[in-house]
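> One structure is given below, represented as structure tokens, and several questions about it will come after.
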Amino acid sequence: MAGLTLPVLQTAPPISDWVAVAPVLLLGLTALALFVVDSIDPDSSNSAALAGTAAAGTLLALVATLLLLAGGVGQGQGGALRLYGGQLIIDGMALFFTVIFTSVATLVIVASYDYLRDRVYQAEYYMLMLLAATGMALMAAAGSLATVFVSLELASLPSYALVAFMKDNRGSVEAGLKYFLIGALSSAIFAYGISLVYGVTGQLGLEAIAQQLSGGTQLVGVLGVGVLMVAGGFAFKTASVPFHFWAPEAYEGAPAPVSAFLSSASKAAGFVVAFRVFAVAFSPEAVAQSVDWTLAFWLLAAVTMTVGNFAAATQDKVKRMLAYSSVGHAGYVLIGLAALGGGQDGLVLGASMLHLLVYGFMNTGAFLFVALAEYWEVGRTFEDYNGLGQQAPIACVAMSVFMLSLAGIPVGGGFMSKYFILIGAVGTGHFVLAALLLVNSALSLYYYSRVLRALWVEDSDGSVAIEGYPLGLYAAVVGAAIVTFLLLPGVFLASDVATAAASALFA
Amino acid sequence: MAETATSTVAFAFEVAPAIAILPLASFVIALFAGKYLPKRGALAGITATGGSLLLSLWVMLTVAGGAYYNEEIYTLVSTPDSFDLHFGLLLDPLSALMLVIVSLVAFLVHLFSLGYMNDEGEPGLPRYYAGLGLFTFSMLSFVLSDNLFMSFVFFELVGLCSWLLIGHWYREDAPPSAAKKAFLVTRFGDYFFLVGVVAIFATFGTATFAGAESFPTLAEEALAGSGGAGGELPTFGLSAQGWFTVLGLLVLGGVLGKSAQFPLHTWLPDAMEGPTPVSALIHAATMVAAGVYLVARMYGFYALSPTALAIVAFVGGFTALFAASMAVVKRDVKQVLAYSTISQYGYMMLGLGAGGYVAAVFHLMTHAFFKALLFLGAGAVIIAMHHRQDMWEMGGLKNKLPVTYYTFLAGSLALAGIVPFAGFWSKDEVLYEALVHGLNDPLLLAAYLMGLTAVFFTGFYTFRMVLLTFHGEPRTHTARNPHSLGWSVKTPLVVLGILATVIGLANMTPIAEATGLEIEFLHTWLEHGLEGVNSEHYGEVLETVAGYSAAELSPLLAAVFSLSLALAGAGLAYRLYSGDRPEHHTDRLGAAKRLLTDNYYQDEYQVWIAQTLGTGVARASDRFDQGVVDGVVNGVSSVSLFSGDRVRRVQTGIVSNYATLLTLGLVALLVGVGLAGGWFL
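Residue numbers (our numbering), protein chains in the order written: chain A, 1 to 507; chain B, 1001 to 1681.
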């Protein structure tokens, strides 16, 4: 993250298109390279080479994104870069989210190296993950509803396959199928919404839609239904109530690294595209008179965080608890959308972006710890984790950092980002949401602390012996913990970038 | 030359924080290294307080040169629009004088402790000296404070130190209990003080004592209606003067607790359970002085409210008489001194309330010296008597302990107010101020009459104490063979004895009136100072805002009157107790003696209030906590878990159910937002 300290140039140097989309290209090309390798040697068992190639691709993409971000590309006075007739927009927000995707993908790939030992079709696994990451990076940069839809599908389709990756595991296959069915339904709703918006405005480009809508429209009802259906499509991707039903099943059934990837990166991708579409195309100024979508997001935020946290509180299995807590966190982030139009757009959206960044690390880390537990085959319930603190202290310290940070205790960046969301909610007068945020955070402390209790307080029944300390998983878990922790003091650095990127949308 | 002078002045003020920091260093040394040091931390304390004394004298000289200092030195919290919390120094004639008093007494008490604690082989000496160091640090910082917030911080720290030191012998039964009582009773007053500090911040946005932006100045501007920043202050529905009275009385709550004024005086006699040097330091010259000093420090604020002043004066006058009457029957030498302390602080409050700012500060100064002397003298007697304190077991110590006797006698003459000893001049001036202002104000006059009556009692109990202790035939074996005393005990007595004799000459108002000589040095001293915080300004404010006016009366007349009362009291004591074998004359008081010995049942009724009211409130709070708060918490958690369980059941695992719910949810959202937005009209 050191790259962020470089000064942002006032005017970005002129660069070619392919340089600006280098992160996307790197991700896509790495996927294709793996495809070639797999075609030549389908039975390769050299998992180190496969994971190494994939990790190198995501790392390169991460470095490229950081360089672009530090170089001020698409930021500052030059404004966003519009490529291919405005189909792609490279700006601070796109790059900020690409940092999240590539970081999460790197962590997950490093962890998968151990998790997938002795499994077949590893090349396909990494390839699918890279393709999904490519789709997410494209979502962050999508400049028209057409690109939004295509990139969203590009991110979704590999995800279905990834969830069902363990073909011989009934839970994994069932979860994949359910995820796919709900995804198909949501995509249908989403596409229908796009068609309605297109019917009203005659445009697909986000800025063009905004321009069209600023003159007002006769078809308020049609536009309204269209806008909410588009919102539904994003709600599916972000696992917001009532489009969340797939999430607990998919996260639980999927291999844990895939759960980490989906719950962190995929959710962030859903949010970045929602931010862009709603802030630019349906900007509050343009449609506030006719379609008050902030009310819809207000309701979604309130219901999502409450349902997610309440359901998480009653779970017996850690992974499922994390799945529901992931729903709850989507609710917190939705506050950023609900509070738009309150006069502090850049701040509230920046707070949500910041939370997604921190969440990318702490939640990925938590799921990867679960992956570690699955690797050790210690079991899935809270009780099965009893006494792990004695046997694997380093990983358990990392897990404690994740849990406390998720709960909003100042041990990691989660405290500050949640605090910024709270300030945003209060500052824009959304006191009910602020109160719900506090109540739900208090409730979340209950179920997160159950993990800590199991790890450190309870004694093991002695039946479980840990075999081995897998290097890749450990590296990913500890790395995520270190970044989570560093984001506590470093949060102001990131929050400046996030706020600037968010404010640029409304400039 | 001029530049050199300026830089010397600047340097004197630069090093002023060291006055407080030196004793803090001795606290740290005594605490962590005390047990390895030869005198267990005593030498560090003596060096530190000696250094503080020298620096204080330097600051005093600098202030005498007409230079003052009022600066922020460390900001804790700063908010641009509302208020800031900071530490700062205010060095003017009042604080410089007080610094010298506190550091001198602290120095002498440290010295005396060598004889009282070290030579007697007491345990826990490092803890003792650490406590003394921390106490001196807190008190000096309190004196240096430039704002009420800082004062409050150190006020509380002083309270903590008194708890530590009173409870020094914590293995016995009485000291821990006395320490707790001192802590709780003063804390009760401090609640009001704390509320007052917050209210002053809320009203003025500042709590600094001096300067154009200080709260007394703002309050004065508000009352004068002269616009300025003080023009529109929030007064919470009261008139400006009414609200300032409320603020003054809230702060006064802390003052009553610390300065042991009725009805919060009950802790002080019990606090005599602490080591005697501690009594001298805390309960005579410094900590108890904190309350009175605070009123003097913010006198410009009190002067704006005649109601607050009248209450101060009345409480003071009443306490003076009330405490003096109880001192008459005590058997324990330290108890007599304890009640006399309460009584004397009553005089200071009377002086302040009656508009005699200089008189009160004067009495604060003389009392600090003669009461420290009396306590140390009593300490010397207690050493000699092998830690017996009952005066009826003493007698005849005059010849065995000549140094102690003569210094103690000087202190007693000062306390009783016999010319020309220190107490005469100061007490007399307090009474004079009360009288001249009281002739126009019946409440003040009543306070004055109580103060005047107390003079008689003071003369009586003081000489009863002297006669029973030092005169007559020794009444016990110990009194016949007292323990000898060392130099560390005698030196402080001699220094203080001289001061108690001559310090009153600093401000001989009656002589000045009679002869027309310019010898009222303290008046001159306090007239200078920063704008708005000097006695000249206070006099104007008292006249214009509080409506005080002084009647024309010769101070000589009043002086003769109070002196004759004091002599009458002393004479009565001499008549009753001067024989070789004095009798228990107070027995003749009958039921009244019971009442006085039992302190008017003050403790009993306060315990009763604490038990009925306090326990009742505590029980109600407990019930509220158990029932309502815990009930809500438990309720929330069971509701959460129950509804969480419901939510869980929605997740059936059947994908067509999910699709249905998803669609229904979307439809509900569409209908809800659509109806709110009026799409379907």
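Glycine included, C-beta positions come from ideal geometry on N, C-alpha and C. All values reported here derive from a predicted model rather than from experimental measurement.
1. Can a CB atom of chain B be found closer than 9 Å to the CB of Gly342 (chain A)?
2. Mind checking the stretch 1661-1673 of chain B against chain A and listing, in chain order, the residues whose C-beta falls within less than 9 Å of any C-beta there?
3. For Ser186 (chain A), would you say it is in contact with chain B, using Cβ-to-Cβ distances shorter than 9 Å as the test?
4. With distance defined between alpha-carbon atoms, name the residue in B:Leu1125, B:Glu1014, B:Phe1087 and B:Asp1092 nearest to Lys1039 (chain B).
5. Can you list, in chain order, the residues of its chain with a C-beta nearer than 7 Å to that of Val277 (chain A)? Leave out the 5 residues immediately preceding and following it.
6. Between Tyr1658 (chain B) and chain A, is there a C-beta pair that is closer than 9 Å?
7. Taking its Cβ as the centre, do 16 or more other Cβ atoms sit within 10 Å of Glu383 (chain A), making it buried, or is it exposed?
8. From which residue to which residue does the beta strand (DSSP E) around Ser1113 (chain B) run?
9. Have a look at the DSSP bridge pairing and note the partners of Asp1084 (chain B).
10. Check whether the Cβ of Lys167 (chain A) lies closer than 9 Å to any Cβ atom in chain B.
11. Under the three-state reduction of DSSP, which class applies to Ser45 (chain A): helix, strand or coil?
12. Using the three-state DSSP reduction, which class does Gly1230 (chain B) fall into: helix, strand or coil?
13. Using a cut-off of 7 Å between C-beta atoms, extract the partners of Trp1679 (chain B) located in chain A.
14. Check this for me: beta carbons of Ser1562 (chain B) and Leu1431 (chain B), under 9 Å apart or not?
15. Taking a Cβ distance cut-off of 8 Å, strictly less, list which residues of the stretch 1491-1521 of chain B are near chain A, in chain order.
16. Along the stretch 273-295 of chain A, what residues have a CB closer than 9 Å to any CB found in chain B?
17. Check the Cβ of Lys178 (chain A) against every Cβ in chain B and list those closer than 8 Å, keeping chain order.
18. Pull up the DSSP beta-bridge partners for Glu1072 (chain B), would you.
19. Relative to the C-alpha of Tyr469 (chain A), which candidate in A:Gln75, A:Val327, A:Ala373 and A:Gly331 has its C-alpha closest?
20. From Ala507 (chain A) to Val280 (chain A), what distance separates their C-alpha atoms?
21. For Arg1464 (chain B), report the span of its alpha helix (DSSP H) as first-last.
22. Under a CB-based cut-off of 9 Å, is Leu322 (chain A) close to chain B?
23. Determine the direct distance from the alpha carbon of Tyr126 (chain A) to that of Ser16 (chain A), and round the result to whole angstroms.
24. Mapping the DSSP letters down to three states, classify Asp1119 (chain B) as helix, strand or coil.
25. Please report the straight-line C-alpha distance between Gly1571 (chain B) and Ala1591 (chain B), rounded to a whole angstrom.
26. So is Pro248 (chain A) in contact with chain B if we call contact Cβ pairs under 9 Å?
27. Measure the Cβ-Cβ separation of Phe1192 (chain B) and Leu1250 (chain B) and say whether it is below 9 Å.
28. Quick one: grab the DSSP three-state call for Arg82 (chain A).
29. Considering only residues of the same chain and omitting the five flanking positions on each side of Trp1169 (chain B), which have a CB-CB separation below 7 Å?
30. Give the secondary structure of Ile90 (chain A) by DSSP, where H, G and I count as helix, E and B as strand, and everything else as coil.
31. Keeping to the same chain, check which residues put their C-beta closer than 7 Å to that of Tyr359 (chain A); ignore five residues upstream and five downstream.
32. Assuming Pro257 (chain A) contacts Ala371 (chain A) under a Cβ cut-off of 8 Å, what Cβ separation, rounded to an integer in Å, is found between them?
33. Closest by CA to Leu295 (chain A), which one among A:Leu228, A:Phe310 and A:Gly472?
34. In angstroms, rounded to a whole number, what distance separates the CA positions of Leu152 (chain A) and Ala465 (chain A)?
35. In this structure, does DSSP put Ala1002 (chain B) in helix, strand or coil?
36. Count the CB pairs spanning the stretch 113-122 of chain A and the stretch 77-88 of chain A that are closer than 8 Å, and state whether there are at least three.
If we stick to the structure as given:
1. Looking up residue 342 (chain A) in the first sequence gives position 342. With 9 Å as the cut-off, Gly342 (chain A) does not count as an interface residue toward chain B.
2. Look at the stretch 1661-1673 of chain B: the residues with a C-beta under 9 Å from a C-beta of chain A are Leu1661, Leu1662, Thr1663, Leu1664, Gly1665, Leu1666, Ala1668, Leu1669, Leu1670, Gly1672 and Val1673.
3. Taking the first residue of the first sequence as position 1, residue 186 (chain A) is located at position 186. For Ser186 (chain A), the nearest CB of chain B lies under 9 Å from its own CB, placing it at the interface with that chain.
4. The sequence position of residue 1039 (chain B) within the second sequence is 39, counting from 1. Nearest C-alpha to Lys1039 (chain B): B:Leu1125.
5. Sequence index remark: in the first sequence, residue 277 (chain A) carries index 277 (1-based). Hits under 7 Å: Val148, Leu206 and Val230.
6. Here residue 1658 (chain B) refers to the residue found at position 658 of the second sequence. Contact of Tyr1658 (chain B) with chain A is assigned, a C-beta pair being separated by under 9 Å.
7. Within the first sequence, numbered from 1, the residue matching residue 383 (chain A) stands at position 383. Here Glu383 (chain A) is exposed. Its C-beta has fewer than 16 other C-beta atoms within 10 Å.
8. Along the second sequence, read from residue 1 onward, the residue named residue 1113 (chain B) stands at position 113. Here Ser1113 (chain B) belongs to no beta strand (DSSP E); instead the alpha helix (DSSP H) covers Pro1093 to Ser1113.
9. As a working note, residue 1084 (chain B) is residue 84 in the second sequence. DSSP output for Asp1084 (chain B) lists B:Ser1078 as bridge partner(s).
10. The count along the first sequence starts at 1 and reaches residue 167 (chain A) at position 167. So no, Lys167 (chain A) is outside the interface.
11. The sequence position of residue 45 (chain A) within the first sequence is 45, counting from 1. Coil at Ser45 (chain A), not helix or strand.
12. In the second sequence, residue 1230 (chain B) corresponds to position 230, counting from 1. Summary for Gly1230 (chain B): the model assigns pLDDT 44, below 50, so the residue's position carries little reliability, and this model does not support an answer.
13. Taking the second sequence and counting its residues from 1, one reaches residue 1679 (chain B) at position 679. Simply Val220, Gly221 and Gly224.
14. The residue you call residue 1562 (chain B) lines up with position 562 of the second sequence. The residue you call residue 1431 (chain B) lines up with position 431 of the second sequence. In this structure, Leu1431 (chain B) lies closer than 9 Å to Ser1562 (chain B) by Cβ.
15. Listed by position, the residues of the stretch 1491-1521 of chain B near chain A (Cβ gap below 8 Å) amount to none.
16. Listed by position along the chain: Ser290, Val291, Asp292, Trp293 and Leu295.
17. Working through the first sequence from its first residue, we reach residue 178 (chain A) at position 178. Correct list: Val1655 and Tyr1658.
18. Position 72 of the second sequence, counted from the start, is the residue given in the question as residue 1072 (chain B). Answer by DSSP bridge pairing, in chain order: B:Gly1088.
19. By one-based count along the first sequence, residue 469 (chain A) stands at place 469. When each option's Cα is compared against that of Tyr469 (chain A), the closest is A:Ala373.
20. Taking the first sequence and counting its residues from 1, one reaches residue 507 (chain A) at position 507. Taking the first sequence and counting its residues from 1, one reaches residue 280 (chain A) at position 280. Computed Cα separation, rounded: 10 Å.
21. Residue 1464 (chain B) sits at position 464 when you count from the first residue of the second sequence. Here the alpha helix (DSSP H) through Arg1464 (chain B) covers Pro1442 to Phe1470.
22. Reading the first sequence from its first residue, position 322 is the one you call residue 322 (chain A). Under the 9 Å criterion on CB atoms, Leu322 (chain A) is classed as non-interfacial with respect to chain B.
23. Sequence index remark: in the first sequence, residue 16 (chain A) carries index 16 (1-based). Sequence index remark: in the first sequence, residue 126 (chain A) carries index 126 (1-based). Roughly 29 Å separates the two Cα atoms.
24. Start at 1 with the first residue of the second sequence, and residue 1119 (chain B) comes out as number 119. Here Asp1119 (chain B) sits in coil by DSSP.
25. As a first step, residue 1571 (chain B) is located in the second sequence; it is residue number 571 there, counting from the start. As a first step, residue 1591 (chain B) is located in the second sequence; it is residue number 591 there, counting from the start. If you take the alpha carbons of Gly1571 (chain B) and Ala1591 (chain B), they lie about 24 Å apart.
26. Position 248 of the first sequence holds residue 248 (chain A). It does: the Cβ of Pro248 (chain A) has a partner Cβ on chain B nearer than 9 Å.
27. Position 192 of the second sequence, counting from 1, holds the residue named residue 1192 (chain B). Position 250 of the second sequence, counting from 1, holds the residue named residue 1250 (chain B). It is a contact, given that the beta carbons lie within the stated cut-off.
28. Taking the first residue of the first sequence as position 1, residue 82 (chain A) is located at position 82. Under the three-state reduction of DSSP output, Arg82 (chain A) falls in the strand class.
29. Translated into positions along the second sequence, residue 1169 (chain B) becomes position 169. Excluding sequence positions up to five before and after Trp1169 (chain B), its CB lies within less than 7 Å of the CB of Pro1175, all in the same chain and listed in chain order.
30. Here residue 90 (chain A) refers to the residue found at position 90 of the first sequence. Three-state result, Ile90 (chain A): strand.
31. To locate residue 359 (chain A), count along the first sequence from 1; it is residue 359. Ser264 and His329.
32. One-based indexing of the first sequence puts residue 257 (chain A) at position 257. One-based indexing of the first sequence puts residue 371 (chain A) at position 371. About 5 Å; that satisfies the 8 Å criterion.
33. Here residue 295 (chain A) refers to the residue found at position 295 when the first sequence is read from its first residue. Of A:Leu228, A:Phe310 and A:Gly472, the residue nearest in Cα terms is A:Leu228.
34. Stepping through the first sequence from its first residue, residue 152 (chain A) is reached at position 152. Stepping through the first sequence from its first residue, residue 465 (chain A) is reached at position 465. Cα to Cα, Leu152 (chain A) sits roughly 43 Å from Ala465 (chain A).
35. Translated into positions along the second sequence, residue 1002 (chain B) becomes position 2. Note that Ala1002 (chain B) scores a pLDDT of 48, beneath 50, so its modelled location is shaky; the value from the coordinates is reported in the next line. Look at Ala1002 (chain B) here: in three-state DSSP terms it is helix.
36. The stretch 113-122 of chain A vs the stretch 77-88 of chain A: no contact.
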